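Engineer: According to this note's numbering, the sequence shown holds residues 44 to 250 in order. For glycine and all other residues, C-beta sits at the position ideal for the given N, C-alpha and C. Computed from a prediction, not measured in an experiment: that's the story for all the values here. What follows is a single structure, and I will ask about it in a moment.
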Amino acid sequence: MLHASLWEQNADLTQRIVEHTFVRGLADGTLDRNAFRRYVAQDAFFLRAFLKAYALAAAKCDDLERARVFHDLMTGVLDELKLHGSYSATLGINLDDVEPYAATRAYTDFLLRVAWHGSLAEIIAAMVPCMRVYQHLGNQLVASLRPDHPYERWITTYAGDDFGELCARLESLLDEIATNSPAVHDAYRYAMQCELDFFSAPLENLQ
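Take a look at the structure:
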């Protein structure tokens, strides 16, 4: 299957993400609270662009069943934004006034450019890595949970069945629509690199 092949072809970036200082801090609970605060703000900015990309993908669907999948995926993003909204109350973040880091802007600009100008196959290829990486991290990190783990809610959200189902549905669309063309491979690979850069940004930008 294409989704599995692309995931395997980018295993080097997956491993770098799993071993990233930010992710290891999430796993063992030692991640600095301010770094997590910066991450949540940037992720909320990113998710709003992700929502728009899903909407643009749905607009390119003539098949109603495919459009329904994107509708459900948009609902999933809105649920994630609710989670971030609850974080904002405890972390003191104004999610309506987030200045994106360079890594965040590079990622969102890429997604929206592909969503506006790319094929449906390229759009999905650009969006699958975010879903797949987060599901992978949730499943990897859930084993590290302990009583009073500060990031338990983040980990269990992405290890949950609901998120896993959405990821599987998007990957199924990728298998159905796309081929392992250079454009599809490049979109997937660049999105994976953006994911790695995204986890670095909260540790590099201290304001």
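#1: Could you have a look at Thr73 and say whether DSSP puts it in helix, strand or coil?
#2: Contact check, Phe153 vs Cys210 under 8 angstroms by CB: the rounded distance?
#3: Can you find at least 3 beta carbon pairs, one from the region 155-163 and one from the region 64-79, that sit closer than 8 angstroms?
#4: Along the chain, where does the alpha helix (DSSP H) containing Asp63 start, and where does it finish?
#5: Within this structure, are the beta carbons of Leu184 and Ala70 separated by less than 8 angstroms?
#6: Taking the alpha-carbon positions, what's the Arg232 to Ile198 distance?
#7: Could you pull the start and end residues of the alpha helix (DSSP H) that Gly207 belongs to?
#8: Measuring alpha carbon to alpha carbon, tell me which residue in Ala84, Gln52, Asp229, Tyr194 is nearest Gly135.
#9: Unbroken alpha helix (DSSP H) runs of length 4 or more, entirely within the region 132-179: which are they?
#10: Please report the distance separating the alpha-carbon of Tyr97 from that of His46.
#11: Mind checking which residues open and close the alpha helix (DSSP H) that includes Pro245?
#12: Tell me which same chain residues have a C-beta within less than 7 angstroms of the C-beta of Tyr144, skipping the five on either side of it?
#13: By DSSP, does Leu99 sit in helix, in strand, or in coil?
#14: Which class does Leu188 belong to by DSSP, given the choice of helix, strand or coil?
#15: For my contact list, Val120 and Phe93 are in at a C-beta cut-off of 8 angstroms; report their separation, rounded to the angstrom.
Structural biologist: With the structure as the only source:
#1: coil
#2: Between Cys210 and Phe153 the Cβ distance is about 20 angstroms, and since that is not below 8 angstroms, they are no contact.
#3: no
#4: The question names Asp, but residue 63 in the sequence shown is His. Neither: His63 is in no alpha helix (DSSP H) and is coded neither H nor E.
#5: yes
#6: 24 angstroms
#7: 204-220
#8: Ala84
#9: 145-160
#10: 18 angstroms
#11: 225-247
#12: Gln85, Ala244, Asn248
#13: helix
#14: coil
#15: 6 angstroms
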